[in-house]
Amino acid sequence: MADKAKPAPKPVDKDAENRKDIIRTIKGPVMERLLEMVPVFRSHEDPYATIMATPDLLYACLQLIKTKREKFQDLLVDSVGNPVTVDDMPLRCERSLDQIVGMVVRSGTKAYSDHRWGSAGDQAPKPQISPQTKSLLEKLTGLVRGKWSESEQPKPSLTQGDRFYSAIKDYLDYDWQVPLIPYFAELPVKLITEMGRGVTTLRTPEGIAALADIGRHSMDSARKILSDSMMREMLDTQPLAAKGVAFLGKDRYEFLHGAVYEKMGEKFWEVCVDCDRLEAMEVQNAKDLEQMADWLHLISGETINQIITFLQFHQIPIFLGIAQEKLGEEKFNEIFGPPGNKKLIKMFCEKTSRTPLDPADPLEDLRRRLPDVFGAYMRAPADFEKGL
-16 MADKAKPAPK
-6 PVDKDAENRK
4 DIIRTIKGPV
14 MERLLEMVPV
24 FRSHEDPYAT
34 IMATPDLLYA
44 CLQLIKTKRE
54 KFQDLLVDSV
64 GNPVTVDDMP
74 LRCERSLDQI
84 VGMVVRSGTK
94 AYSDHRWGSA
104 GDQAPKPQIS
114 PQTKSLLEKL
124 TGLVRGKWSE
134 SEQPKPSLTQ
144 GDRFYSAIKD
154 YLDYDWQVPL
164 IPYFAELPVK
174 LITEMGRGVT
184 TLRTPEGIAA
194 LADIGRHSMD
204 SARKILSDSM
214 MREMLDTQPL
224 AAKGVAFLGK
234 DRYEFLHGAV
244 YEKMGEKFWE
254 VCVDCDRLEA
264 MEVQNAKDLE
274 QMADWLHLIS
284 GETINQIITF
294 LQFHQIPIFL
304 GIAQEKLGEE
314 KFNEIFGPPG
324 NKKLIKMFCE
334 KTSRTPLDPA
344 DPLEDLRRRL
354 PDVFGAYMRA
364 PADFEKGL
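Going by our numbering, the first residue of the sequence shown is number -16, and it counts up by one from there.
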């Protein structure tokens, strides 16, 4: 009888082999050198697992490897053994250092997720049972398994960590993302799934936390923020403004942004921190707001309302500029900033509106007279407030 033909050997999966080699190198030589450099890691039962599941430790190790590259240079070589000094050039494993860092970031995220929430493969603690009962259960289990194929066995349900990692893993590539992993984990998984890299390119914990808070209350608001390049700037510059932007709504946000952002730049986001100030701004016209743009991030909603009530269009920047100069930053903010001194705000605005001005050049005359108004307050604040 002729011998049966031997099955053809399975083709070697070069990429899988390279990946295994990378993991072996990280767990072996790389970890050993880290332990030599930071001996305290040896106090952990499993230093590798501890580092991978602790974002701050993992980030510190990545930075250590970057700054002490010479201690790892013999591992960073190409296919013929030449040193590789550029992070985007392929190494012997056919991946660049940048790509390996991305692998580590994703592995660290998975380790953090499993540590925080557990994984679908985790087994619940088994209750203690008597030998007789155990024997019976084993027999029943054998009978049941005999009737079901392996593919038909029920799969463990996904944990929150599994869902989080599955949603975010394709958008993690950079070492600077590692300290942000716990903050990304607070985001609604649905938002990560929908917005992908729009979420993982946020660079501050405060910005991610603000987005998470908005997303928990309104997914639509979170989507709008992430899809707007200016509002993304807000999250990286002044994340506390996120609630203000959500408070405004699309139309009023676009109106205020169009009115003053060009003059204010990033200071515009400071304006959006205070909802009372935004409420006062909403009912003003763009020209008035533009006149006070240099001070909007400092003044209160009450200041805006009183200025518009008592002052003429071209008087606004003169009034605010001289007030800031004569009162000084601290006193100016105390009176005109939030929450401010409502009585004094109104008094200063009223006195300015009642000041007789030379009709030939009223603005120049206002510049000449206003310092005396603020000077009178600085000389005797109590008398000024009494109207003396």
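All C-beta atoms, glycine included, are put in the ideal place defined by N, C-alpha and C.
**Prompt:** Is it right to say residue 212 is buried, meaning 16 or more other beta carbons lie within 10 angstroms of its own, or is it exposed?
**Reply:** Numbered from 1 along the sequence shown, position 229 holds the residue referred to as residue 212. Flag for residue 212 reads exposed.
**Request:** Consult DSSP for residue 63 and reduce its assignment to one of helix, strand or coil.
**Result:** Stepping through the sequence shown from its first residue, residue 63 is reached at position 80. Residue 63 falls in the coil class under three-state DSSP.
**Message:** Rounded to whole angstroms, what is the Cα-Cα separation between residue 54 and residue 27?
**Reply:** Mapped onto the sequence shown, residue 54 falls at position 71. Mapped onto the sequence shown, residue 27 falls at position 44. Near 23 Å, if we compare the C-alpha coordinates of residue 27 and residue 54.
**Message:** Restricting to Cα atoms, I'd like to know which of 348, 351, 331 is closest to residue 364.
**Reply:** Reading the sequence shown from its first residue, position 381 is the one you call residue 364. Ranking 348, 351, 331 by Cα distance to residue 364 puts 331 first.
**Request:** Could you pull out every residue in the same chain whose Cβ sits closer than 8 Å to the Cβ of residue 310, ignoring the five residues on either side in sequence?
**Result:** The residue labelled residue 310 in the question sits at position 327 within the sequence shown. Cβ neighbours of residue 310 beyond the five flanking positions: 318, 357, 360, 361.
**Message:** Whether or not the stretch 197 to 209 and the stretch 167 to 176 are in contact is what I'm after, with contact meaning three or more pairs of Cβ atoms, one per stretch, closer than 8 Å; do they touch?
**Reply:** yes
**Asked** Helix or strand or just coil, what does DSSP make of residue 128?
**Response** As a working mapping, residue 128 is identified with position 145 in the sequence shown. Summary for residue 128: the model assigns pLDDT 49, below 50, so the residue's position carries little reliability; its value from the coordinates is reported in the next sentence. DSSP places residue 128 in helix when its eight states are reduced to three.
**Asked** Taking the alpha-carbon positions, what's the residue 302 to residue 282 distance?
**Response** Position 319 of the sequence shown, counting from 1, holds the residue named residue 302. Position 299 of the sequence shown, counting from 1, holds the residue named residue 282. Roughly 13 Å separates the two Cα atoms.
**Request:** In angstroms with no decimal places, state the Cα-to-Cα distance between residue 164 and residue 38.
**Result:** Position 181 of the sequence shown, counted from the first residue, corresponds to residue 164. Position 55 of the sequence shown, counted from the first residue, corresponds to residue 38. The alpha-carbon atoms of residue 164 and residue 38 are separated by roughly 7 Å.
**Request:** Note down the Cα distance separating residue 182 from residue 338, rounded to an integer number of angstroms.
**Result:** Along the sequence shown, read from residue 1 onward, the residue named residue 182 stands at position 199. Along the sequence shown, read from residue 1 onward, the residue named residue 338 stands at position 355. For residue 182 and residue 338, the distance between alpha carbons rounds to 54 Å.
**Prompt:** If you check the beta carbons only, do residue 271 and residue 296 fall under 8 Å apart?
**Reply:** As a working mapping, residue 271 is identified with position 288 in the sequence shown. As a working mapping, residue 296 is identified with position 313 in the sequence shown. Yes, Cβ-Cβ distance for residue 271 and residue 296 is below 8 Å.
**Asked** For residue 293, which of 333, 284, 262, 273 has the nearest alpha-carbon?
**Response** The sequence position of residue 293 within the sequence shown is 310, counting from 1. It is 333 whose Cα lies nearest to the Cα of residue 293.
**Contact check, residue 74 vs residue 61, beta carbons under 8 Å** = Position 91 of the sequence shown, counted from the start, is the residue given in the question as residue 74. Position 78 of the sequence shown, counted from the start, is the residue given in the question as residue 61. Closer than 8 Å, so yes.
**Prompt:** Hey, quick one: how far does the alpha helix (DSSP H) through residue 206 stretch, first residue to last?
**Reply:** Along the sequence shown, one-based indexing puts residue 206 at 223. It spans 202 to 210 - the alpha helix (DSSP H) in which residue 206 sits, taken as one unbroken run.
**Asked** Would residue 39 count as contacting chain B if we go by Cβ distances under 8 Å?
**Response** Absent from the structure: chain B. Only one protein chain is present.
**Exposure label - residue 354; buried when at least 16 CB within 10 Å** = As a working mapping, residue 354 is identified with position 371 in the sequence shown. Answer is exposed; the Cβ neighbour count stays below 16.
**Item:** Rounded C-alpha distance that separates residue 368 from residue 314
**Value:** Here residue 368 is taken as the residue at index 385 of the sequence shown, counted from 1. Here residue 314 is taken as the residue at index 331 of the sequence shown, counted from 1. Near 15 Å, if we compare the C-alpha coordinates of residue 314 and residue 368.
**Item:** Buried versus exposed call for residue 232 [16 or more other C-beta atoms within 10 Å across all chains shown]
**Value:** Numbered from 1 along the sequence shown, position 249 holds the residue referred to as residue 232. Flag for residue 232 reads exposed.
**Prompt:** Do residue 227 and residue 194 have their CB atoms nearer than 8 Å?
**Reply:** Here residue 227 corresponds to residue number 244 of the sequence shown, with the count starting at 1. Here residue 194 corresponds to residue number 211 of the sequence shown, with the count starting at 1. Against a cut-off of 8 Å, the Cβ pair of residue 194 and residue 227 comes out as no contact.
**Asked** Nearest-angstrom Cα distance between residue 65 and residue 58?
**Response** In the sequence shown, residue 65 corresponds to position 82, counting from 1. In the sequence shown, residue 58 corresponds to position 75, counting from 1. Their Cα atoms are separated by approximately 10 Å.
**Message:** By the DSSP assignment, the alpha helix (DSSP H) with residue 243 in it spans what residues?
**Reply:** Start at 1 with the first residue of the sequence shown, and residue 243 comes out as number 260. Where residue 243 is concerned, the enclosing alpha helix (DSSP H) stretches over 233 to 247.
**Item:** residue 165 in three-state terms, based on DSSP
**Value:** In the sequence shown, counting from the first residue as 1, residue 165 sits at position 182. DSSP places residue 165 in helix when its eight states are reduced to three.
**Request:** Look up residue 283 in the DSSP assignment and say whether it is helix, strand or coil.
**Result:** Position 300 of the sequence shown, counting from 1, holds the residue named residue 283. It is coil, neither helix nor strand.
**Rounded C-alpha distance that separates residue 156 from residue 81** = Along the sequence shown, one-based indexing puts residue 156 at 173. Along the sequence shown, one-based indexing puts residue 81 at 98. Rounded to whole angstroms, residue 156 to residue 81 spans 8 Å at the Cα level.
**Asked** Should residue -4 be labelled buried (16 or more other beta-carbon atoms within 10 Å of its own) or exposed?
**Response** Residue -4 sits at position 13 when you count from the first residue of the sequence shown. So residue -4 counts as exposed.
**Request:** Just mark residue 128 as buried or exposed, buried being the case when its beta carbon has 16 or more other beta carbons within 10 Å.
**Result:** By one-based count along the sequence shown, residue 128 stands at place 145. Bear in mind that a pLDDT of 49 at residue 128, under 50, signals an unreliable position, so the number given afterwards is only what the model happens to contain. Its Cβ having fewer than 16 others within 10 Å, residue 128 is exposed.
**Asked** Does DSSP put residue 140 in a helix, a strand or coil?
**Response** Within the sequence shown, the letter at position 157 stands for residue 140. Coil, per DSSP.
**Item:** Residue interval of the alpha helix (DSSP H) (run including residue 102)
**Value:** One-based indexing of the sequence shown puts residue 102 at position 119. No alpha helix (DSSP H) holds residue 102; DSSP gives it neither H nor E.
**Asked** Looking only at C-alpha atoms, which of 88, 249, 258, 298 sits nearest to residue 36?
**Response** Residue 36 sits at position 53 when you count from the first residue of the sequence shown. For residue 36, the nearest C-alpha among the options comes from 88.
**Message:** Once the 5 residues before and after residue 328 are set aside, which same chain residues still bring their CB inside 7 Å of it?
**Reply:** Position 345 of the sequence shown holds residue 328. Cβ neighbours of residue 328 beyond the five flanking positions: 285, 286, 289, 318, 319.
**Request:** With DSSP as the reference, label residue 12 as helix, strand or coil.
**Result:** Residue mapping note: residue 12 aligns to position 29 of the sequence shown, counting from 1. Residue 12 falls in the helix class under three-state DSSP.
**Request:** Could you tell me how far apart the beta carbons of residue 13 and residue 91 are, in whole angstroms, since I believe they sit closer than 8 Å?
**Result:** Working through the sequence shown from its first residue, we reach residue 13 at position 30. Working through the sequence shown from its first residue, we reach residue 91 at position 108. About 14 Å separates the two Cβ atoms, so there is no contact after all.
**Item:** Span separating the alpha-carbon of residue 373 from that of residue 96
**Value:** This structure cannot settle anything about residue 373, because the visible part of the chain is limited to -16 through 371.
**Member of 32, 17, 29 whose CA lies at the smallest distance from the CA of residue 43** = Within the sequence shown, the letter at position 60 stands for residue 43. The option with the nearest alpha carbon to residue 43 is 17.
**Prompt:** Using the C-alpha atoms, what's the distance from residue 245 back to residue 94?
**Reply:** Indexing the sequence shown from 1 puts residue 94 at position 111. Indexing the sequence shown from 1 puts residue 245 at position 262. Spanning the two alpha carbons is a distance of roughly 44 Å.
**Asked** Which residue or residues does DSSP assign as beta-bridge partners of residue 73?
**Response** Position 90 of the sequence shown, counting from 1, holds the residue named residue 73. According to DSSP, residue 73 bridges with 79.
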